[in-house]
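What follows is a single structure, written as structure tokens, with notes after it.
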Amino acid sequence: MSVATLEGSLHRGCGGRYTLETEAVTVRLSGMSAEVDRGYFRCDKCGHDNRSIDQREAAEKAATDRIRAANSLLAPRGIKQLRESLGLTIAQFAELCYGTPKGIVEGWEKGRYLQNRDADALMRSLTDREVLERRAAKAGVILPELVVAASPPE
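If you use our numbering, the sequence shown corresponds to residues 3 to 156, in order.
What follows is the structure, encoded as structure tokens:
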């Protein structure tokens, strides 16, 4: 039986029934935190708790969304649009972000990782042509010929 379907199921240890409960948890990501509700199953007889991976992941997603909104961070789609508007590959963009591993940048673009405030500010600063050229010179990145400074996406 899947943990996700425990509602009303029999707890084999004591004969009680599982009920869906919620608890407030603080999720910390990238130096920021958010309090969200997380579901879990509790036996109504002995109090045994059972938490699923799906419940944990749902709480982390809710926290990520809340943190992103509270700190006005670029969304994954916005990060990718910014990089593409500058005509940069993931590897080039990663170098301009102080040599951030390209796997992290890919994670930001796909929503697997949440960038911190400093990384977000750095990415947004690349829309300024002067900043972009200075960072590219320091990082040894050759910019495409016709890059027009873009506005940071929402």
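Yeah, the Cβ is synthetic: ideal placement off N, Cα and C, and Gly gets one too.
- About 5 Å separates the CB atoms of V27 and R40; that is less than 8 Å, so the two are in contact.
- Look at E147 here: in three-state DSSP terms it is coil, with no helix or strand label.
- Scanning its chain for C-beta atoms nearer than 6 Å, with the 5 sequence neighbours on each side dropped, one finds around L145 the residues A138, in chain order.
- Under the three-state reduction of DSSP, A26 is assigned to strand.
- Counted as a single uninterrupted DSSP element, the beta strand (DSSP E) harbouring S35 occupies residues M34 to C45.
- Runs of the alpha helix (DSSP H) lying entirely within the segment 52-76, each at least 4 residues long, are 55-72 in chain order.
- Here the segment 73-84 does not lie against the segment 46-65, with fewer than 3 beta-carbon pairs under 8 Å apart.
- No residue range can be given for P103, since it is assigned to no alpha helix (DSSP H) and is classified by DSSP as neither H nor E.
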